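Novice:
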Amino acid sequence: MNAIETTKLTKYYGKSRGIVDVDMTVMEGEIFGFIGPNGAGKSTTIRTLLGLIYPTSGSATIFGKDVIKRGPEIRQEVGYLPSEVFYYDDMRAIDLLRYSASFYNRSTKAIEKRIRYLADLLDLDLKKKIDDLSYGNKKKVGIIQGLAHEPKLIILDEPTGGLDPLIQQQFFNLLKEENDKGATILFSSHILGEVQKLCDRVAIIKEGTIIEVEQIKTLLENSTKRFKLETVSAPDAAAFDIGGVSDLAVAGHAVSFLYRGHINDVTQMLAKLDLADLLVEEPDLEEIFMHYYQKGDGR
Amino acid sequence: MNVYLREMKAYRKSTIIWAASLSAMIVIFMSLYTAFSTDVAAVKSVLGQFPEILRTALNISLTSFFTLNGFYGYLLSFAILAAAIQAMNIGTGVISKEAAGKTADFLLSKPITRSRVVSAKLAAALSVVLITDVVFWVVAYISALSVAKEPFDAGTFFLMSFTLFLVQLIFMALGALFAVSLPKIKSVVSVSLPTVFTFYIIGMIGDVLANDQVRYISPFKFYDPAYIIAHGSLDGTYLAVEAVFVVAAIALSYVIYVKKDVRASA
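Sequence order for the protein chains is A and B. Just so we're aligned: 143 in my numbering is position 143 of the first sequence, and the numbers increase by one with no gaps anywhere. Just so we're aligned: 1103 in my numbering is position 103 of the second sequence, and the numbers increase by one with no gaps anywhere.
1. For Phe240 (chain A), collect the residues of the same chain with a Cβ closer than 8 Å to its Cβ; drop the 5 residues on either side in sequence, then sort them by chain order.
2. Straight-line CA distance for Ser1014 (chain B) to Ile1085 (chain B)?
3. Check the Cβ-Cβ distances between Thr1113 (chain B) and every residue of chain A, and say whether any is below 7 Å.
4. First and last residue of the alpha helix (DSSP H) that includes Tyr1141 (chain B)?
5. Compare the C-beta of Ser1187 (chain B) with all C-beta atoms of chain A and state if any pair is closer than 7 Å.
6. Find the nearest neighbour of Ser83 (chain A) within the set A:Thr6, A:Gly162, A:Asn173 and A:Ile144, judged by alpha-carbon distance.
7. When we look at the beta-carbon of His149 (chain A) and count the other beta-carbons within 10 Å, is it buried (16 or more) or exposed?
8. If distances are taken between C-alpha atoms only, which option among A:Pro37, A:Glu77, A:Leu81 and A:Pro72 comes closest to Ile46 (chain A)?
9. Does chain B have any CB closer than 7 Å to the CB of Tyr12 (chain A)?
10. Report back the beta-carbon spacing between Pro72 (chain A) and Thr1113 (chain B) to the nearest angstrom; my notes put them in contact at under 8 Å.
11. For Gln1049 (chain B), which of helix, strand or coil comes out of DSSP?
12. Closest by CA to Asp180 (chain A), which one among A:Ile94, A:Gly29 and A:Pro235?
13. Would you mind working out which of A:Val20, A:Lys42, A:Asp277 and A:Tyr99 sits nearest Leu156 (chain A), comparing C-alpha positions?
14. Take Gly296 (chain A) and list the residues in its own chain whose beta-carbon comes closer than 6 Å to its own, dropping the five residues that flank it on each side.
15. Residue ranges of each alpha helix (DSSP H) run of no fewer than 4 residues wholly in the stretch 177 to 201 of chain A, ordered along the chain?
16. Return the Cβ separation of Ala1176 (chain B) and Ser1109 (chain B) in integer angstroms, given the expectation that the two are a contact with Cβ distance under 8 Å.
17. So which of B:Val1262, B:Ala1249 and B:Ala1264 has the shortest CA-CA distance to Thr1092 (chain B)?
18. Assess, as a yes-or-no matter, whether the stretch 1198 to 1207 of chain B is touched by the stretch 1130 to 1150 of chain B under the definition of 3 or more beta carbon pairs within less than 8 Å.
19. Establish whether the CB of Arg1006 (chain B) and some CB of chain A are separated by less than 7 Å.
20. So, at 7 Å on beta carbons, what are the nonlocal neighbours of Ala1099 (chain B) in its own chain, with the 5 sequence-adjacent residues on each side left out?
21. Between which two residues does the beta strand (DSSP E) carrying Ile130 (chain A) extend?
22. Using the C-alpha atoms, what's the distance from Val85 (chain A) back to Lys139 (chain A)?
23. What residues of chain A sit near Asn1002 (chain B), judged by a beta carbon separation below 8 Å?
24. Going by the beta-carbon positions, is the gap between Ser1218 (chain B) and Ile1202 (chain B) smaller than 7 Å?
25. With 16 as the cutoff for other CB atoms within 10 Å, does Phe1158 (chain B) come out buried or exposed?
26. To which residues of the same chain is Val195 (chain A) closer than 6 Å at the C-beta, ignoring the five residues directly before and after it?
27. What number of angstroms, rounded off, separates the C-alpha of Gly1073 (chain B) from the C-alpha of Ala1230 (chain B)?
28. With DSSP as the reference, identify every bridge partner of Val255 (chain A), one or two as the case may be.
29. Quick check: the Cα distance between Gly64 (chain A) and Val26 (chain A), rounded to an integer number of angstroms?
30. Which of the residues in the stretch 163 to 193 of chain A, read from start to end, lie with their CB under 8 Å from any CB of chain B?
31. According to DSSP, which residues form a beta bridge with Ser1037 (chain B)?
32. Just list the residues that DSSP pairs Val213 (chain A) with in beta bridges.
33. Indicate whether the contact test is met: 3 or more Cβ pairs, each with one atom in the stretch 226 to 238 of chain A and one in the stretch 53 to 68 of chain A, closer than 8 Å.
34. Please list the residues of the stretch 1098 to 1126 of chain B that have a C-beta atom closer than 7 Å to any C-beta atom in chain A, keeping them in chain order.
35. If we cut at 7 Å on Cβ distances, does Asp1261 (chain B) have a partner in chain A?
36. Would you say Ile191 (chain A) and Ile144 (chain A) are within 7 Å of each other, going by their C-beta atoms?
Quick look at the structure:
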């Protein structure tokens, strides 16, 4: 059975587009990346799955059950962490987590034990009032409330904002642990690197429409990098004429280009240059869409 | 039950403050009865000099003002005004606070139906109002006993007191309807105060104009103390109007809340 299945899922907010004809299948047990720029429709898709908003047309199921008709039943098995976390400021972290736990038909003892385990792991003081917590610590509360009931499906909507790199790594480890235990994960992000680190497959959404669903392996093989370099003497543009180079710009000693292909080929080419500086970075998503997934209508 | 308990806890402090304030108000007001009833003739002559239009607007009846129930009925109108604000605050706030505090995502992504959320929240609001009222009724009755010089009809006293709850119920239902209908309510008081005072002023205007139709618009005029004292009962017509309004407002609140999109909190 698929963990998530959407069929022509469409949402309009009045006249403005949310998502259009989204067909997406997330298999049980996989970590599925959902990537796209801000406003592409990631959150709209997720909010529809959670029953927070209603689709204009189309349908969605989680574990074979319709998300509208059987929402509460489905949400027993779902853990959700939104991009921005807001909780009741007057509560202590532990009270909020107990309140959250009270919605699930799990043993109170087991869930309490798990809250303590996760809080220790993430180094969160449970006695503090929500209002007194930093944003990063509120996010930790979010992670715990999303994972404490050991959900079969974990839905994460740009979850890493506000987490320092160390906690981020622990969070990823935790997600891998949950995945090893059988949990399915839908991981939405606009940061390609995050998705590459964690996911098995990825769907790319742009302007409300899924434009590509790929194995992450394929994505990595086809990975495009942006090279920015400075040379000691002005280079000849012909030096960069190797397969996989695009978007080449040579301005005096400064050179910039996108490269898609085997990394050894480009390093061999660079070794022949007298470099003063070199920066290799991941292109932003817009660049990927423009140069990598350019298909037919330019999407 | 968890949502209900959470709301009861969240409103604990404000319930204590409202119950204490309304009780203090009625104790202070009732203590004035001793002064008013000591020299009825003098007070009557002073009040008699007020223009009739002012007496009508202030709801002062020279025939009943000097009996304990008459005096209480007059004072009760101010307590009802304050209690209506409390009811509208809670009716509006208990639902709108999830959107205002951006906690709707947290609550509604839990395994609970939206209608159960509304039920739990309205049950908590009703409980808060009832707790406040019971404290008020007990304190008011003890105050009345301590200042009464002659026996008074306790049945009428409690029937009048009960109208406090009836008016609150209307404003609580109206508050719930506002909470689900208005986009995002940042300040509950900015909704409740103008609404309650508008209805109060409409009632006063209705009195001055001696227009009975206006009574149907202002809940403050549904249950006239003079009518209760004279008949020993509530006016059934207004009870029916209230029942229809409250049921319709609550039903509509459920429908809107269940169907509405919860927009992203960010």
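Here a beta-carbon is modelled for each residue, glycine too, at the ideal position from N, C-alpha and C. Computed from a predicted structure; not experimentally measured.
Specialist: This is what the structure gives:
1. Here residue 240 (chain A) corresponds to residue number 240 of the first sequence, with the count starting at 1. These residues qualify, in order along the chain: Leu248, Val250, Val255, Phe257 and Met269.
2. The count along the second sequence starts at 1 and reaches residue 1014 (chain B) at position 14. The count along the second sequence starts at 1 and reaches residue 1085 (chain B) at position 85. Approximately 12 Å, taken between the alpha carbons.
3. The residue given as residue 1113 (chain B) occupies position 113 in the second sequence. Judged by the 7 Å Cβ criterion, Thr1113 (chain B) is in contact with chain A.
4. One-based indexing of the second sequence puts residue 1141 (chain B) at position 141. Per DSSP, Tyr1141 (chain B) belongs to the alpha helix (DSSP H) from Arg1114 to Val1147.
5. Along the second sequence, one-based indexing puts residue 1187 (chain B) at 187. No, Ser1187 (chain B) lies away from the interface with chain A (no Cβ there is under 7 Å from its Cβ).
6. The count along the first sequence starts at 1 and reaches residue 83 (chain A) at position 83. Minimum Cα distance to Ser83 (chain A) is reached at A:Gly162.
7. The residue labelled residue 149 (chain A) in the question sits at position 149 within the first sequence. His149 (chain A) comes out buried.
8. Stepping through the first sequence from its first residue, residue 46 (chain A) is reached at position 46. Looking at the Cα atoms, A:Leu81 is the closest of the given residues.
9. Working through the first sequence from its first residue, we reach residue 12 (chain A) at position 12. Chain B contact via Cβ: absent.
10. Numbered from 1 along the first sequence, position 72 holds the residue referred to as residue 72 (chain A). Numbered from 1 along the second sequence, position 113 holds the residue referred to as residue 1113 (chain B). 5 Å between Cβ atoms; contact.
11. Position 49 of the second sequence holds residue 1049 (chain B). Coil, per DSSP.
12. The count along the first sequence starts at 1 and reaches residue 180 (chain A) at position 180. Comparing Cα positions, the closest option is A:Gly29.
13. By 1-based counting over the first sequence, the position of residue 156 (chain A) is 156. Considering only alpha carbons, the answer is A:Lys42.
14. Mapped onto the first sequence, residue 296 (chain A) falls at position 296. Because the pLDDT of Gly296 (chain A) is 37, which lies under 50, any placement of that residue in the model is unreliable, and the number read from its coordinates should be weighed accordingly. Nothing meets the Cβ criterion.
15. 192 to 198
16. Against the second sequence, residue 1176 (chain B) aligns to sequence position 176. Against the second sequence, residue 1109 (chain B) aligns to sequence position 109. Between the beta-carbon of Ala1176 (chain B) and that of Ser1109 (chain B) there is about 22 Å, and that puts the pair past the 8 Å contact cut.
17. Residue mapping note: residue 1092 (chain B) aligns to position 92 of the second sequence, counting from 1. Closest by alpha carbon: B:Ala1249.
18. no
19. Residue 1006 (chain B) sits at position 6 when you count from the first residue of the second sequence. It does; some Cβ of chain A falls within 7 Å.
20. Looking up residue 1099 (chain B) in the second sequence gives position 99. Lys1184, listed in sequence order.
21. Translated into the one-based positions of the first sequence, residue 130 (chain A) becomes position 130. For Ile130 (chain A), there is no enclosing beta strand (DSSP E), as DSSP marks it with neither H nor E.
22. For the purposes of this step, residue 139 (chain A) is taken as the residue at position 139 of the first sequence. For the purposes of this step, residue 85 (chain A) is taken as the residue at position 85 of the first sequence. Cα-Cα distance, rounded: 6 Å.
23. Translated into positions along the second sequence, residue 1002 (chain B) becomes position 2. In chain order: Tyr99, Ser102 and Phe103.
24. What you label residue 1218 (chain B) is simply residue 218 of the second sequence in a count that begins at 1. What you label residue 1202 (chain B) is simply residue 202 of the second sequence in a count that begins at 1. The answer is yes: Cβ separation under 7 Å.
25. Numbered from its first residue, the second sequence carries residue 1158 (chain B) at position 158. Answer is exposed; the Cβ neighbour count stays below 16.
26. By 1-based counting over the first sequence, the position of residue 195 (chain A) is 195. Contacts found: Gly33, Ile35, Ser189 and Val202.
27. Counted from its first residue, the second sequence places residue 1073 (chain B) at position 73. Counted from its first residue, the second sequence places residue 1230 (chain B) at position 230. Rounded to whole angstroms, Gly1073 (chain B) to Ala1230 (chain B) spans 12 Å at the Cα level.
28. Translated into the one-based positions of the first sequence, residue 255 (chain A) becomes position 255. Val255 (chain A) pairs with A:Leu229 and A:Val250.
29. Working through the first sequence from its first residue, we reach residue 64 (chain A) at position 64. Working through the first sequence from its first residue, we reach residue 26 (chain A) at position 26. Roughly 12 Å between the two C-alpha positions.
30. none
31. Counted from its first residue, the second sequence places residue 1037 (chain B) at position 37. Note: Ser1037 (chain B) sits in no beta bridge, so no partner.
32. For this step, residue 213 (chain A) is matched to residue 213 along the first sequence. Answer is A:Ala203.
33. no
34. Gly1101, Lys1102, Thr1103, Asp1105, Phe1106, Leu1108, Ser1109, Lys1110, Pro1111, Ile1112 and Thr1113
35. The residue you call residue 1261 (chain B) lines up with position 261 of the second sequence. Yes, Asp1261 (chain B) counts as interfacial toward chain A.
36. By 1-based counting over the first sequence, the position of residue 191 (chain A) is 191. By 1-based counting over the first sequence, the position of residue 144 (chain A) is 144. No, the pair does not count as a contact, with Cβ atoms beyond the cut-off.
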